[in-house]
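Asker: FYI, our numbering numbers position 11 of the sequence shown as 17, with every residue one higher than the one before it. We put the CB at the ideal spot given by N, CA and C, even for glycine. These numbers were taken from a predicted model, which means no experiment stands behind them. One structure follows; several queries about it will come next.
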Amino acid sequence: MAILELLKADHAKVKSLLEETLGTEDATQRSQLIKQIKTDLTAHSHAEEKVLYRRMEKSEEGKDEALEGDVEHELVLLLCDQLARSRSKGSDPWTARCSVLKELIEHHVEEEEGEFFKTARRLFDRPTLQRMGNEFIKEKSRLGVAPAAEAAE
Ligand SMILES: [Fe+2]
Ligand SMILES: [Fe+2]
């Protein structure tokens, strides 16, 4: 599977996990869900940076997008870490922080699937995107997480 489809499937999965998290006030359930989100996001961001961003960065066209993407990943992972460490997962401040995480991710994904993907399709041909897909799967698996599209098969 080509990398862009793999990324899209991961994005859809994390969005639905976040909705599930915000849909419950049960601290134990939230705790399990945020832990899963954190593991998924850490592996996804790392593999995405390594396989896609570092390649985009090499061209004038993709450089700024890749660098901005790095910063957004940092912020997303920071919020996620704070949420996972918090001892009051059933509280209103926790809900507020989780809502901001969801908004940030939605913004990031919208940019990624819009502008980034357009740039990537211009920079890389189909066989290259396919190869990058294999690399993405390998990289994520190395971190112990199966891509959402693979797990669904
Ligand atoms: Fe992504
Ligand atoms: Fe990303």
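Quick test of your reading: Ile143 and Pro133, contact by CB under 8 angstroms. State the CB separation rounded to the nearest angstrom.
Answerer: In fact, because the Cβ distance is near 16 angstroms, the residues do not count as touching under 8 angstroms.
Asker: Does DSSP put Ser22 in a helix, in a strand, or in coil?
Answerer: If DSSP states are grouped into helix, strand and coil, Ser22 belongs with the helices.
Asker: Compute every distance between the C-beta of Ser51 and the non-hydrogen atoms of ligand 2, then say whether any falls below 7 angstroms.
Answerer: Result yes, Cβ under 7 angstroms from ligand 2.
Asker: Report yes or no: do the region 54-63 and the region 122-142 share at least 3 C-beta pairs separated by less than 8 angstroms?
Answerer: Yes, since at least three Cβ pairs between the region 54-63 and the region 122-142 fall closer than 8 angstroms, the two stretches touch.
Asker: Between Asp32 and Glu25, what straight-line distance do the alpha-carbon atoms span, to the nearest angstrom?
Answerer: Looking at the two C-alpha atoms, the distance is approximately 14 angstroms.
Asker: Can you tell me where the alpha helix (DSSP H) holding Ser105 begins and where it ends?
Answerer: Unbroken alpha helix (DSSP H) run through Ser105: Asp98 to Glu117.
Asker: In this structure, how does DSSP classify Ala152 when only helix, strand and coil are distinguished?
Answerer: Here Ala152 sits in coil by DSSP.
Asker: Is it true that the region 62-74 meets the region 89-106, where meeting means three or more beta-carbon pairs spaced less than 8 angstroms apart?
Answerer: Short answer: they don't touch.
Asker: At what residue ranges does the region 14-58 contain a whole run of the alpha helix (DSSP H), taking only runs of 4 or more?
Answerer: Listed in chain order, they are 33-54.
Asker: Which word fits Glu80, buried or exposed, when buried means at least 16 other C-beta atoms lie within 10 angstroms of its C-beta?
Answerer: Result: exposed.
Asker: Can you give the Cα-Cα distance for Leu73 and His113, rounded to whole angstroms?
Answerer: Approximately 16 angstroms between the Cα atoms of the pair.
Asker: Tell me the DSSP secondary structure of Met62 in three-state form.
Answerer: Note: Met62 maps to helix in three-state DSSP.
Asker: In the structure shown, what three-state DSSP assignment does Ala8 receive?
Answerer: Note: Ala8 maps to coil in three-state DSSP.
Asker: Decide if Glu11 is buried, meaning its Cβ has at least 16 other Cβ atoms within 10 Å, or exposed.
Answerer: With fewer than 16 other Cβ atoms within 10 Å, it is exposed.
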